[in-house]
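J.: Before I ask anything, let me first share the structure, which is written out below as structure tokens.
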Amino acid sequence: MSTAYGFTTNLTISPGFNGTAGYISQLSFNNNGVFYRNGDFLSSSWNGWNKILMSDLSGNVNLEKLKVTDSFEFGNELDNTNSTFIIQGPNSPTGEASKRDIIFNFKNAGQSGIRAFRGDEWGTFLQLMTSQPGDATGIPRVRMHIDQYGKIGVGTVNPSSEFDVNGTIRAKEIKVESNNWADFVFKKGYKLPTLEEVEQHIDEKGTLPGVPSEKEVKANGVNVAETNALLLQKIEELTLYIIEMKKEINELKKR
28 MSTAYGFTTN
38 LTISPGFNGT
48 AGYISQLSFN
58 NNGVFYRNGD
68 FLSSSWNGWN
78 KILMSDLSGN
88 VNLEKLKVTD
98 SFEFGNELDN
108 TNSTFIIQGP
118 NSPTGEASKR
128 DIIFNFKNAG
138 QSGIRAFRGD
148 EWGTFLQLMT
158 SQPGDATGIP
168 RVRMHIDQYG
178 KIGVGTVNPS
188 SEFDVNGTIR
198 AKEIKVESNN
208 WADFVFKKGY
218 KLPTLEEVEQ
228 HIDEKGTLPG
238 VPSEKEVKAN
248 GVNVAETNAL
258 LLQKIEELTL
268 YIIEMKKEIN
278 ELKKR
């Protein structure tokens, strides 16, 4: 072989023949990388070559087909701040979706996995998958979905908000920030609706003034911060009504 970059010949490693039937494998090293194939030695029938590794002159390694049974490490322990591990997706034409999966298989227990895929047009997606008891082998379910705009879906693959959950959220504490609060009710100049106006609105709309209807809530949900501020506004208005009523009662007692 030449000592310069780019060998003039190939190196193929093949096991010896012991006279028994069965499949054997070969490894081939050449300019294009490292390849393997297997076949039936007795019939001289070989399957096609499969590329498993290619390394360019800069030391970048491309693993095309590799089965890891225990552990796989990469990177430089002295400086691992800029390491990159790339799984190349297929060069599918525009209008055709494509995907790449990393699957963790546990015998008789199901699978977990990470899926990266491209949609019909531009944009990439990322999914986390797990299987549960009773699921068919090899079909883990999508649990979390991140779309090309950064929107995250839990229990849904079509998130319409930055964080869309199709299910129940349980937490010790949730803090919702808001720029608007209802203290304006107690400021001078606030026009408190009369009870007659409130009554008329209830008769016509079936809700308190400013409060969304049941139909609107079912269709659009509720904004937690806005709803809390609105409820506080109604409580503060009710407080003003009670204060005014107390004054009227005291005046009646004086007569």
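The numbers in our numbering rise by one with no breaks, and the one at position 31 of the sequence shown is 58.
The C-beta atom is built at its ideal place from N, Cα and C for all residues, glycine as well.
From asparagine 193 to threonine 183, what does the alpha carbon distance come to, in whole angstroms?
T.: Rounded to whole angstroms, asparagine 193 to threonine 183 spans 6 Å at the Cα level.
J.: Is the separation between the beta-carbon of alanine 209 and that of leucine 259 shorter than 7 Å?
T.: Yes. Within cutoff.
J.: On a CA-only basis, which of Phe152, Gln159, Ser205, Lys178 is nearest asparagine 255? Give me that one, please.
T.: Checked all of Phe152, Gln159, Ser205, Lys178; the closest Cα to asparagine 255 is Ser205.
J.: Might you give, ordered along the chain, the residues of its own chain that have their beta carbon closer than 7 Å to the beta carbon of glycine 237, omitting 5 neighbours on each side?
T.: Taken in chain order, the residues that qualify are Leu257.
J.: Quick check on the burial criterion: 16 or more other C-beta atoms within 10 angstroms. Buried or exposed for serine 72?
T.: Exposed is the call here.
J.: Alpha carbon to alpha carbon, what distance is there between asparagine 74 and tyrosine 32?
T.: Confidence is the limiting factor: at tyrosine 32 the pLDDT is only 42, short of 50, which leaves the residue's position unreliable, though a coordinate-based value still follows. If I take the Cα positions, the gap works out to 29 Å.
J.: Taking only the alpha-carbon atoms, compute the straight-line gap between glutamate 271 and glutamine 227 and give it to the nearest angstrom.
T.: One C-alpha to the other measures close to 20 Å.
J.: My parser needs the alpha helix (DSSP H) runs of 4 or more residues fully inside the segment 158-232; what are they?
T.: Listed in chain order, they are 222-232.
J.: Exposed or buried, glutamate 231, counting other C-beta atoms within 10 Å across all chains shown (16 or more means buried)?
T.: The residue in question, glutamate 231, is exposed, as its Cβ has fewer than 16 Cβ neighbours within 10 Å.
J.: Would you be able to state if there are at least three C-beta pairs under 8 Å between the segment 127-140 and the segment 152-163?
T.: Enough Cβ pairs lie closer than 8 Å, so yes.
J.: List the residues that DSSP assigns as beta-bridge partners of asparagine 57.
T.: Partner(s): Gly60.
J.: Following the continuous alpha helix (DSSP H) through lysine 281, name the residue where it begins and the one where it ends.
T.: Start and end: 251-281.
J.: Provide the residue(s) that pair with glycine 66 in DSSP beta bridges, ordered along the chain.
T.: In the DSSP output, where bridge partners are listed per residue, glycine 66 has Ile51, Trp73.
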